[in-house]
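Trainee:
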Amino acid sequence: MSAEAPGTADVPAARHTLQILSYLAAQRGPVPASSLAQALGLPRSTVYRLLGVLQELGFVLHFPEARRYGIGLAAFELSSGFARQEPLARLGRPILASLVDKIGESAHLAVLHGRDVIYLVEERAPRRPALVTDVGVRLPSHLTASGRALLATLPLSQLRALFPDRSAFVQRGDDPRAPLPGSVTSYRELSGLLAEVRAQGYAAEDGDVTAGMASVAVAVRDHSGWPAAGIAVTFARSSVPPERWPELAAAVEHAAAELGRRISGRTG
1 MSAEAPGTAD VPAARHTLQI LSYLAAQRGP VPASSLAQAL GLPRSTVYRL
51 LGVLQELGFV LHFPEARRYG IGLAAFELSS GFARQEPLAR LGRPILASLV
101 DKIGESAHLA VLHGRDVIYL VEERAPRRPA LVTDVGVRLP SHLTASGRAL
151 LATLPLSQLR ALFPDRSAFV QRGDDPRAPL PGSVTSYREL SGLLAEVRAQ
201 GYAAEDGDVT AGMASVAVAV RDHSGWPAAG IAVTFARSSV PPERWPELAA
251 AVEHAAAELG RRISGRTG
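In terms of my numbering, the sequence shown opens at residue 1 and continues consecutively.
1. How would you call residue 226, buried or exposed, if buried means at least 16 neighbouring beta carbons within 10 angstroms?
2. Between the alpha carbons of residue 159 and residue 151, how many angstroms are there, rounded?
3. Could you name the residues of the same chain whose beta carbon sits closer than 6 Å to that of residue 148, not counting the 5 residues immediately before and after it, in chain order?
4. Going by the CB atoms, is the gap between residue 215 and residue 185 shorter than 9 Å?
5. Since residue 146 and residue 110 should fall inside the 8 Å C-beta cutoff, what is the C-beta to C-beta distance between them, to a whole number of angstroms?
6. Under DSSP, the alpha helix (DSSP H) around residue 51 begins and ends at which residues?
7. Would you kindly report the start and end of the unbroken beta strand (DSSP E) that includes residue 206?
8. Around the Cβ of residue 230, are there at least 16 other Cβ atoms within 10 angstroms (buried) or fewer (exposed)?
9. Could you spell out where the alpha helix (DSSP H) holding residue 184 opens and where it closes?
10. So, is residue 156 buried or exposed, given that buried needs 16 or more other C-beta atoms within 10 angstroms?
11. How many whole angstroms separate the CB atoms of residue 89 and residue 123, which I take to be in contact at a CB cut-off of 8 Å?
12. DSSP three-state label for residue 127, please.
13. Since I believe residue 61 is in contact with residue 72 (beta carbons under 8 Å), could you give me their beta-carbon distance rounded to a whole number of angstroms?
14. Give the DSSP-derived three-state secondary structure of residue 254 in the structure shown.
15. Please state the DSSP three-state secondary structure of residue 170.
16. Taking only three categories from DSSP, how would you classify residue 111?
17. Tell me the residue span of the alpha helix (DSSP H) that contains residue 159.
18. Have a look at residue 164 and residue 224 and give me their C-alpha separation to the nearest angstrom.
19. Just to confirm before moving on: does the CB-CB distance between residue 170 and residue 143 stay below 9 Å?
20. Can you give me the start and stop residues for the beta strand (DSSP E) that residue 216 sits inside?
21. Considering only residues of the same chain and omitting the five flanking positions on each side of residue 23, which have a CB-CB separation below 7 Å?
22. Does DSSP classify residue 17 as helix, strand or coil?
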């Protein structure tokens, strides 16, 4: 008689349950159980049995008149819990701390929110000045290295929707009608800039956010390849010449890859 690990028989049921929840969450509305079974390649009896358990626990809602099933409040609470626990910040903070120790420059983690980036983590290097990219600060994505790294990963249709005309290109400075030299002020200029980002593998900004300061950044991708966040390092332009930027970008890329593995549940 072969020994079987405890709970082994429950693994397929757990996998199928999660597949059902994932499928329902991706739909625009409730769907019939038959569609679930067909889409997931599962027996209808299995699907109905698991839907019954999920419905009882509040993870699935049944709409009897329409004979359809949709996501329940308990599943919504899971997503709310994800947001409350701030997993990106928790996972990213030690990675950024290690990056700062390695390169001796300040680093931060940001996410894309509409046309802006919001900063979740800042790790300041010793004897380095305070930056405007403090936790909770929101900045126009097209001005920042983190934002440019993230925008470069988006489909062109989504990028165009974010920046439909010149009014979308907010500028920093005393007079928004007189942008700083080299500022991005049109979709055409942005497209050219992002093409350069994709070609060199990292994004950069040079004085676009703070005079005399520059940054390089790399996008963090999740298990599906979608940009989850951006990691950047910021430094005094006078102390780090452009020929050293690829070296910094390589260290940032390593940190971004590690964070991508962690948010995807991979440890190696």
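We put the beta carbon where it would ideally sit given N, CA and C, even for glycine. Remember, it's a predicted structure, so these values are computed and weren't measured experimentally.
Mentor: In short:
1. exposed
2. 7 Å
3. 197 and 203
4. no
5. 4 Å
6. 44–57
7. 203–206
8. buried
9. Unbroken run through residue 184: none, as it is neither H nor E.
10. exposed
11. The Cβ separation is near 11 Å, so there is no contact.
12. coil
13. 5 Å
14. helix
15. coil
16. strand
17. 156–162
18. 27 Å
19. yes
20. 213–221
21. 36, 39 and 40
22. helix
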